[in-house]
Every structure is written in structure tokens, then in C-alpha cells.
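Asks:
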Amino acid sequence: MVEIPNYSLGQPPKRTGLGGFSMKATAIVGGGFMVFLILRLVGLSKIGLFVVLPVSVVAAAVVSMSWGGRTLAQHVQMRWQYHRKVKRGEHEYVSGGLSRMPGGQHRLPGLLARTEIIAASDGAGRDFAIIVDRLRREATVVFDCQLSGQTAMMQEERNAMTASWGRWIAGLSLSGDVLAASVSVGVRPGSGELVRREVDSIMDENAPWLARRVMEDAAELLSVGVPEIDAHVAVTVKLDGEGLKEDAFVSNLATRVPTWAEDLSWAGILASPMDEQALVARVHQGFNPAAETEFERLKVAGQSHGLSWDDAGPGWARDEKDRYAHEGVYSVTWEMAEAPRSTFEDHVLTSITAPHSRVLRKRVTLLYRPFHAGEGAKKVEAEHRDALTALNSSKKIRSAAAGMRVEHTNAARIAQARGAQLGRYSLLVTATVDEVAEIPRMVHDVEQLGSGSSLRLQVATLQQDAAFICGLGVGQLPWTRESVSGLARA
1 MVEIPNYSLG QPPKRTGLGG FSMKATAIVG GGFMVFLILR LVGLSKIGLF
51 VVLPVSVVAA AVVSMSWGGR TLAQHVQMRW QYHRKVKRGE HEYVSGGLSR
101 MPGGQHRLPG LLARTEIIAA SDGAGRDFAI IVDRLRREAT VVFDCQLSGQ
151 TAMMQEERNA MTASWGRWIA GLSLSGDVLA ASVSVGVRPG SGELVRREVD
201 SIMDENAPWL ARRVMEDAAE LLSVGVPEID AHVAVTVKLD GEGLKEDAFV
251 SNLATRVPTW AEDLSWAGIL ASPMDEQALV ARVHQGFNPA AETEFERLKV
301 AGQSHGLSWD DAGPGWARDE KDRYAHEGVY SVTWEMAEAP RSTFEDHVLT
351 SITAPHSRVL RKRVTLLYRP FHAGEGAKKV EAEHRDALTA LNSSKKIRSA
401 AAGMRVEHTN AARIAQARGA QLGRYSLLVT ATVDEVAEIP RMVHDVEQLG
451 SGSSLRLQVA TLQQDAAFIC GLGVGQLPWT RESVSGLARA
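Using the working numbering, the letters of the sequence shown map in sequence onto residues 1 to 490.
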């Protein structure tokens with residue numbers, strides 16, 4: 001019998017200062033103490049004692065105290081930014097003929113507003129689309145995927161596929177220009193068009209009437225309430241100035257797309273690059289679920305939907321504190337507050353990604369941020385040295401956690417010496433309902449599904465619009481769009 005392997009993710013990186021406090025808090029207190037000494041030398045010791053030192057201690061506490069993965073300073077700044085956005089009316093988005101949008105277009109909102117699409121053909125002759133953000137010098141290629149993870153197979157095959165996925169992610173670190181990769185798995189109610197088309201394609205016109213009737217009834221039965229699973233993988237690369245000139249980067253990506261798609265097949269993912277028609281439909285369905293049936297009908301008929309990237313956005317959307325309203329529906333996006341602490345098996349995310357009878361429409365997006373090979377080695381060594389420092393400076397009550405951190409960082413050093421690469425990861429979950437009254441039940445269900453996958457999810461409060469767009473999995477990266485200052489972060 002083949003043993004089922006267990007996997008682990010390590011721990012979030014951090015820097016430890018004196019006494020086990022964060023490096024930033026140590027620097028603030030140390031700087032305040034130096035100012036206090038200078039003031040004392042010039043005869044202003046009272047100012048240093050009653051102003052500088054208390055301010056330093058409070059500032060250190062503000063950037064050290066945290067909950068939900070964010071410091072007190074971050075929470076304060078985010079609330080101020082959201083209040084300012086609402087006051088300016090920037091939380092509400094309107095497009096179309098009666099809006100201020102140039103040409104009456106339905107452009108995509110928020111982080112996708114300044115993106116464009118370039119159509120190209122890869123080395124295998126397949127059409128594909130590139131999402132380009134020229135200002136940030138980023139380009140994203142999206143692959144439509146058919147997943148085979150839940151099909152019956154031997155454990156050896158599952159292990160090999162999991163290892164191949166790890167090699168694919170690690171290979172992105174070696175290229176040097178890949179900013180991120182994401183995989184999105186979406187579940188939605190099926191319209192039945194694809195089932196009926198499949199039955200029609202295998203139906204023999206000369207078959208007996210009874211056999212034809214049985215097939216037609218079966219298609220009608222299976223097409224009612226059966227969920228559809230849509231999955232795609234996106235790769236975002238950084239462009240240089242030369243590559244942006246005359247779109248020289250297009251030919252470079254055209255040669256790499258077939259390799260990326262072929263390597264994914266070893267991980268049990270049948271990937272094909274999405275062209276402009278498919279990509280526009282996928283993004284528009286995220287904002288306007290009511291259009292899903294029409295898009296599916298046109299796809300079955302082999303007809304074009306006629307939408308361009310400039311008209312793929314919603315006609316109306318509103319960012320609220322804990323939800324995102326768009327085109328008559330309501331979405332809530334969660335962020336991963338805590339990854340699985342212990343080891344886990346390869347099917348750990350089945351609970352959160354599988355169809356659910358009460359959460360009919362949801363999307364799970366896993367984001368990877370690969371570090372360059374040289375940069376990853378430096379980070380691993382720095383993290384291990386910091387863990388050793390924290391272990392030596394910890395009190396007895398904290399020594400167990402510090403010891404576990406040393407073990408994790410040492411394991412990372414060994415894994416990297418054997419060829420593994422370093423990266424960071426995050427996860428976003430978006431669920432959509434038709435009525436506001438359904439939101440509390442949906443929130444409870446999704447958070448319980450997250451617990452079933454050993455995840456602690458928290459609602460992306462005060463940033464629902466940005467989290468929703470990042471959760472679409474089309475190249476918008478949350479860590480490159482941070483609006484809080486570096487000083488406020490832990």
C-alpha cells in the first residue's frame with residue numbers, strides 16, 4: 001500500500017528585534033530613546049521624558065499590536081481611506097450610455113480599469129489574449145483548465161501530479177520575470193446547454209425512438225441544478241521598457257505559452273490559452289452572473305458574443321464595508337487569515353472548492369508569488385538566522401513556538417538545497433447571492449467550508465471591491481496594490 005504523503009507550508013516571514021518584539025517596534029523605541037538622550041544632554045530632559053518616550057512607546061505599540069493579520073496602524077489607515085472614498089462618492093461605480101464613461105462604454109472598474117487586451121497566436125498556432133497594464137509594466141496570460149483531481153486514480157498518480165504542480169510553480173522562480181501565478185476554481189449553477197449539446201452529439205438519428213427518448217429525458221434531468229465548474233490558471237510577468245516598445249513582449253510570451261500549458265498537463269490539468277472571446281466572457285460573468293446562460297447558449301451555438309474588453313464591466317457596482325453589490329447581486333470576498341498550521345494531505349482544499357448545495361455560486365483563487373532563485377536563498381537564510389535569534393531571546397513561555405519556527409526554517413533550507421524554490425501564497429474566496437437576506441447564511445456556510453479545509457477565513461472588510469477583482473484571478477495582485485504605508489505594516 002502506498003503511503004499518502006503529508007505537506008506543510010511553513011510559517012509567515014517576520015523579523016525579530018530585542019526581547020522578542022518586532023524589528024520595527026525595536027527601531028522605533030530605540031530611536032525614541034536616542035532622541036531622549038540628546039534632549040537630556042541639551043537640558044530638555046522633561047520634553048524627552050514626558051513627550052518623546054511616551055510617543056515612542058505608543059507608536060511601537062500601534063505598529064506591533066495586530067489582529068486579523070494587520071496592525072492597529074493598518075486598521076486605522078484603512079478606515080480613514082474607506083471613509084474618504086465614501087465621502088468622495090468613489091465607492092459607487094456607474095458605466096454605460098448615461099454615465100461619465102467615455103463613449104458610454106461599460107469599462108471594467110477599479111484595478112482593471114486601465115488594462116487592455118492584446119490578441120496573439122502562440123507557437124502551436126492557438127489564439128490567446130494578453131491582459132496588459134502598461135503603467136505597471138505587467139502582462140498576464142490566462143489558461144482555461146479542465147481539472148482531473150477528483151477522478152478515480154491510484155495514489156501513485158496523485159502523488160506524481162502533486163509533485164508536478166510543485167515543479168511547475170518552482171519553475172516560475174527560475175524564469176526571473178514571473179511576478180505571480182494564480183489558480184481559480186469557480187462553481188456556478190449550470191444552465192444545461194452543455195449537457196444537451198453532448199447528448200445531441202452522441203445521438204444516432206437511426207436509433208430506436210425509445211432509446212432516443214431515454215437519452216433526451218436523461219439530458220433534461222441532468223441539466224437541472226447540476227453545478228458547472230470553471231477553472232483557469234493565470235501567469236503574470238514583469239515587462240521591461242524595451243519589451244513594451246512596439247509590443248515586443250508578445251512574441252516572447254507566444255513562445256512560452258505552449259510550454260506552460262504542456263507542463264500543466266503533467267499535474268493533471270488540461271490547459272489551453274484563453275482567447276479574447278473566452279476571457280471577456282469569463283470576466284463579465286463574474287460581474288454579471290445573469291449573463292451566464294446567454295454566454296453558454298452562444299458558446300454551444302458556436303457564435304460570438306460580440307463583447308470587447310472595453311465593455312466587459314458591470315453597469316453598476318457599489319463597494320460596501322463587508323460586501324460588494326454589482327448588477328443586482330451581492331458578493332462577499334474572504335481572505336485567508338491563517339493557513340493550515342499542521343501538515344495536510346493533497347486534498348485539503350476539497351471542502352472549500354467543491355460544489356455545495358447552499359452556496360451555489362462561489363470562486364476560490366489561490367495566489368502564488370514566486371521569488372527569484374537567488375532572492376529566495378537569501379530570504380531563507382535570513383529567516384533562519386532570525387528564528388535562531390528569536391529562540392535565544394525568547395522567554396520560557398515562548399520557547400516552544402520559537403523552536404517550531406527554527407525547525408520550519410531549517411526544513412526550508414534543506415528543501416531549497418535539494419532544488420525547491422521559495423514563494424509566498426494567499427487565498428481569496430468569493431461567494432455570490434441574489435438577496436441581501438441570504439448573506440448571513442452564506443457567510444456562515446463559507447467559513448465552515450474553510451474550516452473543513454483547515455483555513456481560517458476573514459471577510460476582507462473595507463476592501464471588498466479590490467478583493468473581488470483580485471479574486472477573479474486575471475493578474476491583479478493584492479501585494480502590488482497596497483494602499484497603506486510601509487510604516488504601518490508589521
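Virtual Cβ for every residue (Gly too), placed ideally from N, Cα, C. Note that the coordinates shown come from a computational prediction; the quantities given were computed from them, not determined experimentally.
1. Using the three-state DSSP reduction, which class does A312 fall into: helix, strand or coil?
2. Cα separation between P109 and G103?
3. Exposed or buried, what is S265 when buried is set at 16 or more other beta-carbons lying within 10 Å of its beta-carbon?
4. In chain order, what residues of the same chain lie with their CB nearer than 7 Å to the CB of A267, ignoring the 5 residues before and after it?
5. Roughly how many angstroms lie between the CA atoms of L9 and P340, to the nearest whole one?
6. Considering Cα atoms alone, identify which of A139, L455 and R114 is closest to G241.
7. Which same chain residues, not among the five before or five after R499, have their C-beta less than 8 Å away from its C-beta?
8. Please state if the CB of A317 and the CB of H493 are separated by a distance shorter than 8 Å.
9. Counting Cβ pairs closer than 8 Å, one from the segment 366-374 and one from the segment 457-468, do we hit at least three?
10. When DSSP builds the beta bridges, which residues end up paired with K362?
11. Ordered along the chain, which non-local residues of its own chain (more than five positions away) have a Cβ less than 7 Å from that of G190?
12. Mapping the DSSP letters down to three states, classify A120 as helix, strand or coil.
13. Could you tell me the alpha carbon to alpha carbon distance between L473 and T365, rounded to whole angstroms?
14. T480 to D177, Cα distance in whole Å?
15. Quick one: any contact between the segment 57-64 and the segment 22-30, if contact means 3 or more CB pairs under 8 Å?
16. Could you give the DSSP three-state label for R318: helix, strand or coil?
17. Please report how far the alpha carbon of V76 lies from the alpha carbon of S454, in whole angstroms.
18. Does the contact criterion of 3 or more C-beta pairs under 8 Å hold for the segment 267-276 versus the segment 203-222?
19. Mind listing, in chain order, the continuous alpha helix (DSSP H) runs of no fewer than 4 residues lying wholly within the segment 32-91?
20. Suppose contacts are defined by Cβ-Cβ distances below 8 Å. Is L253 in contact with I130 by that definition?
21. Out of curiosity, what's the CA-to-CA distance linking R134 and I4?
22. Please check the pair G48 and V63, which I expect to be a contact at CB under 8 Å, by giving their CB distance rounded to whole angstroms.
23. At which residues does the alpha helix (DSSP H) containing L147 begin and terminate?
24. At what residues does the alpha helix (DSSP H) containing D445 begin and finish?
25. In terms of residue numbering, what span does the beta strand (DSSP E) encompassing R456 cover?
26. Compute the beta-carbon to beta-carbon distance between D144 and A278, rounded to the nearest angstrom, for a pair I have assumed lies under 8 Å.
27. I need the straight-line Cα distance from E447 to P208, nearest angstrom please.
28. What did DSSP end up calling E345 once you bin it into helix, strand or coil?
Replies: The structure says:
1. The residue you call residue 312 lines up with position 312 of the sequence shown. Looking at A312 - three-state DSSP - the assignment turns out to be coil, as it is neither helix nor strand.
2. Counting from one through the sequence shown, the residue named residue 109 turns up at place 109. Counting from one through the sequence shown, the residue named residue 103 turns up at place 103. Taking the straight line from one Cα to the other gives about 15 Å.
3. Along the sequence shown, read from residue 1 onward, the residue named residue 265 stands at position 265. Exposed.
4. Within the sequence shown, numbered from 1, the residue matching residue 267 stands at position 267. The residues are M161, S164, W165 and W168.
5. Your numbering for residue 9 matches position 9 in the sequence shown. Your numbering for residue 340 matches position 340 in the sequence shown. Approximately 8 Å between the Cα atoms of the pair.
6. Along the sequence shown, read from residue 1 onward, the residue named residue 241 stands at position 241. For G241, the nearest C-alpha among the options comes from A139.
7. The requested residue 499 is not part of the displayed model; the chain covers only 1 to 490.
8. Only positions 1 to 490 of the chain appear in the structure, and residue 493 is not among them; the question remains open.
9. no
10. Stepping through the sequence shown from its first residue, residue 362 is reached at position 362. Bridge partners of K362: V187 and A431.
11. To locate residue 190, count along the sequence shown from 1; it is residue 190. S223, V226, P227 and E228, listed in sequence order.
12. Numbered from 1 along the sequence shown, position 120 holds the residue referred to as residue 120. Residue state, collapsed to three classes: strand.
13. Stepping through the sequence shown from its first residue, residue 473 is reached at position 473. Stepping through the sequence shown from its first residue, residue 365 is reached at position 365. A small fix is needed here, since residue 473 is Gly in this sequence, not Leu. Going from the Cα of G473 to the Cα of T365 covers about 6 Å.
14. For this step, residue 480 is matched to residue 480 along the sequence shown. For this step, residue 177 is matched to residue 177 along the sequence shown. Their backbone Cα atoms lie some 15 Å apart in a straight line.
15. yes
16. To locate residue 318, count along the sequence shown from 1; it is residue 318. It is a strand residue.
17. Within the sequence shown, the letter at position 76 stands for residue 76. Within the sequence shown, the letter at position 454 stands for residue 454. Rounded to whole angstroms, V76 to S454 spans 29 Å at the Cα level.
18. no
19. 53-64 and 72-88
20. Sequence index remark: in the sequence shown, residue 253 carries index 253 (1-based). Sequence index remark: in the sequence shown, residue 130 carries index 130 (1-based). Going by C-beta atoms, L253 is nearer than 8 Å to I130.
21. Residue 134 sits at position 134 when you count from the first residue of the sequence shown. Residue 4 sits at position 4 when you count from the first residue of the sequence shown. Straight-line Cα distance between these residues: approximately 45 Å.
22. Along the sequence shown, one-based indexing puts residue 48 at 48. Along the sequence shown, one-based indexing puts residue 63 at 63. With 8 Å as the limit, G48 and V63 do not qualify as a contact, their Cβ atoms being about 21 Å apart.
23. Within the sequence shown, residue 147 is the residue found at index 147, counting from 1. L147 -> not in any alpha helix (DSSP H); beta strand (DSSP E) instead, spanning E138 to L147.
24. As a position in the sequence shown, residue 445 is number 445, starting the count at 1. Looking at the DSSP string, the run of the alpha helix (DSSP H) that includes D445 is I439 to G452.
25. The sequence position of residue 456 within the sequence shown is 456, counting from 1. Per DSSP, R456 belongs to the beta strand (DSSP E) from R456 to V459.
26. The count along the sequence shown starts at 1 and reaches residue 144 at position 144. The count along the sequence shown starts at 1 and reaches residue 278 at position 278. With a Cβ gap of about 6 Å, D144 and A278 count as contacting.
27. One-based indexing of the sequence shown puts residue 447 at position 447. One-based indexing of the sequence shown puts residue 208 at position 208. Approximately 50 Å between the Cα atoms of the pair.
28. Residue 345 sits at position 345 when you count from the first residue of the sequence shown. Coil, per DSSP.
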